[in-house]
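Each remark here refers to the structure printed beneath this line.
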Amino acid sequence: MPAADPITSPQNPRIKNLLRLQQKASERREQQLTIIEGHRELTIAHQAGIDIRSLFICSELAGDARQQELLATLGPQVEWFEVSKAVFERVAYREGSDGILALARPPQRRLDTLKLPANPLLLILEAVEKPGNLGAVLRTADAAKVDAVIVCDPRTDLYNPNAIRSSIGCIFTVPTVASSRDEVLAWCAAHGIRTYAAALTPEARPYTDYDFRGPTAFVMGTEADGLTPELRQACSDTIIIPMRGYIDSLNVSIATAVLTFEAVRQRS
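Its first residue numbered 1, the sequence shown is counted upward by one per residue in UniProt numbering.
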């Protein structure tokens with residue numbers, strides 16, 4: 001249960017540390033902790049086996065029923081801290097928060113520890129920099145039961161609290177790894193995975209021309225710049241989603257969903 005004395009001051013050391021963890025990727029790396037806000041996200045993380053270390057809860061926002069549910073779900077090994085509404089609103093990073101915020105140890109995954117089925121379906125993102133885009137892609141990956149999401153040379157922390165929020169916790173349900181471009185390409189080649197670069201180039205062919213029933217990885221670039229020429233040229237094929245209107249491209253998360261569910265359709 002929560003500690004007897006609620007935290008009522010924003011100068012409390014635990015609250016100040018929460019703010020540091022929110023704001024600085026270096027703090028998250030050093031402490032090997034991240035922040036999960038929201039009952040739904042926390043429940044998904046717990047069900048995925050994530051190590052939940054401590055819980056900060058505002059009873060006024062969370063309500064007694066949800067507190068009792070979390071107590072039964074998380075067990076006594078998780079530290080609980082009651083937080084006043086005024087203090088919680090200082091540390092909450094979303095509007096309309098439900099009064100639940102947790103510290104958790106994110107999984108430390110590497111390419112060489114990924115366990116793949118015989119016929120994997122993967123998503124590779126190059127230099128992703130917007131946590132919201134990463135989160136949206138992870139929701140697609142979860143919905144389609146993608147085997148892993150691999151980020152080449154990321155420009156954002158994979159466990160940025162905003163990525164967790166925008167993924168609704170799917171960062172914990174989909175094996176997600178960061179690595180260098182060269183390591184990812186070598187790893188795909190070693191595992192017989194065909195790589196399809198999504199890029200607006202003269203040689204690109206419509207994605208509907210291809211058979212994605214074998215080991216497949218869709219390789220997606222950034223919103224602003226697309227794929228680097230080095231990564232695009234190293235891929236097995238270049239594909240495009242034909243545009244029928246005035247615009248020439250889609251948001252990266254939407255494009256990823258189109259390609260991913262085409263692969264799912266073919267495989268089913």
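Every residue, glycine too, gets a C-beta built ideally from N, C-alpha and C. Please read all numbers here as calculations on a predicted model, not as lab measurements.
- Item | Alpha-carbon spacing of Arg-181 relative to Gln-22, whole angstroms | Cα to Cα, Arg-181 sits roughly 28 Å from Gln-22.
- Query: What first and last residue would you give for the alpha helix (DSSP H) that runs through Val-83?
  - Reply: In this chain, Val-83 is not harboured by any alpha helix (DSSP H), its DSSP state being neither H nor E.
- Bridge partner(s) assigned by DSSP for Leu-103: Leu-103 is bridged to Ile-35 and Ser-54.
- From this set, Asp-112, Ser-84 and Lys-145, which residue's C-alpha is nearest Ile-171's C-alpha? Taking each of Asp-112, Ser-84 and Lys-145 in turn and checking the Cα distance to Ile-171, the smallest one comes out for Lys-145.
- Task: Say whether the stretch 45-60 touches the stretch 91-111, bearing in mind that this needs 3 or more beta-carbon pairs closer than 8 Å, one atom from each stretch.
- Result: The stretch 45-60 vs the stretch 91-111: in contact.
- What beta strand (DSSP E) runs, 3 residues minimum, are completely inside the stretch 105-156? As far as the stretch 105-156 is concerned, its whole beta strand (DSSP E) runs of at least 3 residues are 121-126 and 148-152.
- DSSP state of Ile-171 mapped onto helix, strand, coil: Here DSSP, grouped into helix, strand and coil, assigns Ile-171 to coil.
- Quick one: is Tyr-246 buried, meaning 16 or more other Cβ sit within 10 Å of its Cβ, or exposed? By the neighbour-count criterion, in which a residue is buried when 16 or more other Cβ atoms sit within 10 angstroms of its Cβ, Tyr-246 is exposed.
- Option nearest Gly-38 by Cα separation, candidates Thr-73, Gln-108 and Tyr-93: Nearest C-alpha to Gly-38: Tyr-93.
- Query: When the distance is taken between beta carbons, is Leu-185 closer than 8 Å to Ala-147?
  - Reply: Ala is not the amino acid found at residue 147; the sequence shown has Asp there. It is not a contact, given that the beta carbons lie outside the stated cut-off.
- Message: On the DSSP bridge list, what partners appear for Tyr-196?
- Response: According to DSSP, which records beta bridges pairwise, Tyr-196 is partnered with Phe-218 and Asp-237.
- Query: Who does Arg-205 pair with in a DSSP beta bridge?
  - Reply: Arg-205 pairs with Ile-239.
- Query: At which residues does the beta strand (DSSP E) containing Thr-73 begin and terminate?
  - Reply: If you look at Thr-73, you'll find it isn't in any beta strand (DSSP E); it sits in the alpha helix (DSSP H) that goes 64-74.
- Ala-178 (DSSP reduced to helix, strand or coil): In the structure shown, Ala-178 sits in a strand (DSSP, three-state: E or B).
- Message: For the alpha helix (DSSP H) containing Lys-16, name the first residue and the last one.
- Response: Here the alpha helix (DSSP H) through Lys-16 covers 13-23.
- Query: Under a three-way DSSP split, which group does Ile-164 fall into?
  - Reply: If DSSP states are grouped into helix, strand and coil, Ile-164 belongs with the helices.
- Task: Name, in chain order, the residues that DSSP records as bridge partners for Ile-7.
- Result: As DSSP reads the structure, Ile-7 sits in a beta bridge with Val-83.
- Task: Using alpha carbons as the reference points, say which of Thr-73, Ala-255, Gly-221 and Pro-120 lies closest to Thr-43.
- Result: Nearest neighbour of Thr-43 by Cα position, chosen from Thr-73, Ala-255, Gly-221 and Pro-120, turns out to be Thr-73.
- Query: Buried or exposed: which applies to Asn-160, given that a residue is buried once 16 or more other Cβ atoms fall within 10 Å of its Cβ?
  - Reply: With 16 or more Cβ atoms within 10 Å of its Cβ, Asn-160 is classed as buried.
- Give the C-beta separation of Thr-113 and Val-149 to the nearest angstrom, bearing in mind that I take them to be a contact with Cβ-Cβ under 8 Å. About 14 Å separates the Cβ atoms of Thr-113 and Val-149, ruling out a contact at the 8 Å cut-off.
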